[in-house]
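For reference, the structure is listed below as structure tokens.
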Amino acid sequence: EPEVTQTPSHQVTQMGQEVILRCVPISNHLYFYWYRQILGQKVEFLVSFYNNEISEKSEIFDDQFSVERPDGSNFTLKIRSTKLEDSAMYFCASSDPGFNEQYFGPGTRLTVT
Amino acid sequence: DAKTTQPNSMESNEEEPVHLPCNHSTISGTDYIHWYRQLPSQGPEYVIHGLTSNVNNRMASLAIAEDRKSSTLILHRATLRDAAVYYCIFSQGGSEKLVFGKGTKLTVNP
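Same order as they appear, the protein sequences are chains A and Z.
Heads up, the first sequence stops at 113 in our numbering, and the numbers go up one at a time, no gaps.
Heads up, the second sequence stops at 1110 in our numbering, and the numbers go up one at a time, no gaps.
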């Protein structure tokens, strides 16, 4: 069964550093998403991406965040200057054009020290 | 954001049916009802979705009230692997984003 993959599984970085989280969505999916979950809290929507542009974003997704689909398979989330409060589990998801089912990856745990 | 109401927690015994309720009184006629679950230390997992009619798939059944203001996720025979947080979600206005609440933490007893 096809699945969404994410790398790395755990990323430790220092405050102020840039990080790039990587995702490989399911191959025939056209909609891509990033969510995050701070430890013990709800899963929060960050951004959705379709046809090489952002289709929707949340208030969390400020100028420090960006997304890119650099090639036909990868989907990345960049945080330019990490803050302590960016520490969270980041989940990538993808869906087909009907977008009724979003398939989530296993997540990347980001720890900002 | 779209608001749903679910019990914080529920318990079930293994191999018994489980009925997980959800209220979504502000839902509009074109909003789909989605259920996802999150097993410990994993990403959310799609369970089922529906619009008006009851739906069945290999994982569960979804019973939707006639007025669509509530729904019930039915696990026909709970297993230990079904222990998870279950989220009832509806997307407003054709938005793609999923707005997760706190969900219902399901405990399955052996």
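Where is the CB? At the ideal position from N, CA and C, for every residue including glycine.
It should be emphasised that the depicted structure is a prediction, and the values quoted were computed from it without experimental measurement.
Cross-chain neighbours of residue i in chain A, by beta carbon under 8 Å
i: Z:V1018; result: Under the 8 Å cutoff, chain A gives no residues; its nearest Cβ is about 21 Å from Z:V1018.
Backbone CA spacing between residue i and residue j [nearest angstrom]
i: Z:K1069; j: A:S94; result: 28 Å
i: Z:C1088; j: Z:Q1006; result: 8 Å
i: A:T108; j: A:M89; result: 6 Å
i: Z:V1099; j: Z:E1015; result: 31 Å
i: Z:E1066; j: Z:T1052; result: 7 Å
i: A:N52; j: Z:H1049; result: 27 Å
i: A:F32; j: A:S73; result: 11 Å
i: A:Q102; j: A:D62; result: 23 Å
i: A:L21; j: A:V67; result: 10 Å
i: A:K57; j: A:F65; result: 10 Å
i: A:C23; j: A:G105; result: 8 Å
i: Z:G1029; j: A:Q17; result: 46 Å
Test: residue i CB closer than 8 Å to a CB of chain A
i: Z:G1029; result: no
i: Z:Q1092; result: no
i: Z:Q1042; result: yes
Residue i in three-state terms, based on DSSP
i: A:L110; result: strand
i: Z:M1075; result: The amino acid occupying residue 1075 of chain Z in the given sequence is Leu; Met does not appear at that position. Residue state, collapsed to three classes: strand.
i: A:E68; result: strand
i: A:E85; result: helix
i: A:R36; result: strand
i: Z:R1068; result: coil
i: Z:R1037; result: strand
i: Z:R1058; result: coil
i: Z:R1081; result: helix
i: A:L57; result: The sequence given here has Lys at residue 57 of chain A, not Leu. DSSP places A:K57 in strand when its eight states are reduced to three.
i: Z:G1050; result: strand
i: A:Q6; result: strand
i: A:R22; result: strand
i: Z:H1024; result: coil
i: A:N52; result: coil
i: Z:T1030; result: coil
i: A:S94; result: strand
i: A:L30; result: coil
i: Z:T1004; result: coil
For residue i, the residue or residues it bridges with in DSSP
i: A:Q11; result: A:L110
i: Z:V1099; result: DSSP, once it has assigned bridges, lists no residue as partnering Z:V1099.
i: A:E101; result: None, per the DSSP bridge assignment.
Residue i at chain Z interface by Cβ criterion, 8 Å
i: A:P106; result: yes
i: A:N100; result: yes
i: A:F75; result: no
i: A:F91; result: yes
i: A:F61; result: no
i: A:S48; result: yes
Contact set between residue i and chain A, taken where Cβ atoms lie within less than 9 Å
i: Z:H1024; result: The premise fails here: Z:H1024 is roughly 16 Å from chain A at the closest Cβ pair, so nothing lies under 9 Å.
Residues that residue i contacts on chain Z, provided the C-beta gap is smaller than 7 Å
i: A:K42; result: F1100, G1101, K1102
i: A:E56; result: S1095, E1096, K1097
Contact set between residue i and chain B, taken where Cβ atoms lie within less than 7 Å
i: Z:Y1032; result: Protein chains A and Z are contained in the structure displayed, whereas chain B is not.
Closer than 8 Å at the beta carbon, the chain Z residues around residue i
i: A:S66; result: What A:S66 touches in chain Z: nothing, since even the nearest Cβ is about 18 Å away.
Cross-chain neighbours of residue i in chain A, by beta carbon under 7 Å
i: Z:Y993; result: Chain Z is shown from 1001 up to 1110; residue 993 of chain Z falls before or after that span and cannot be answered.
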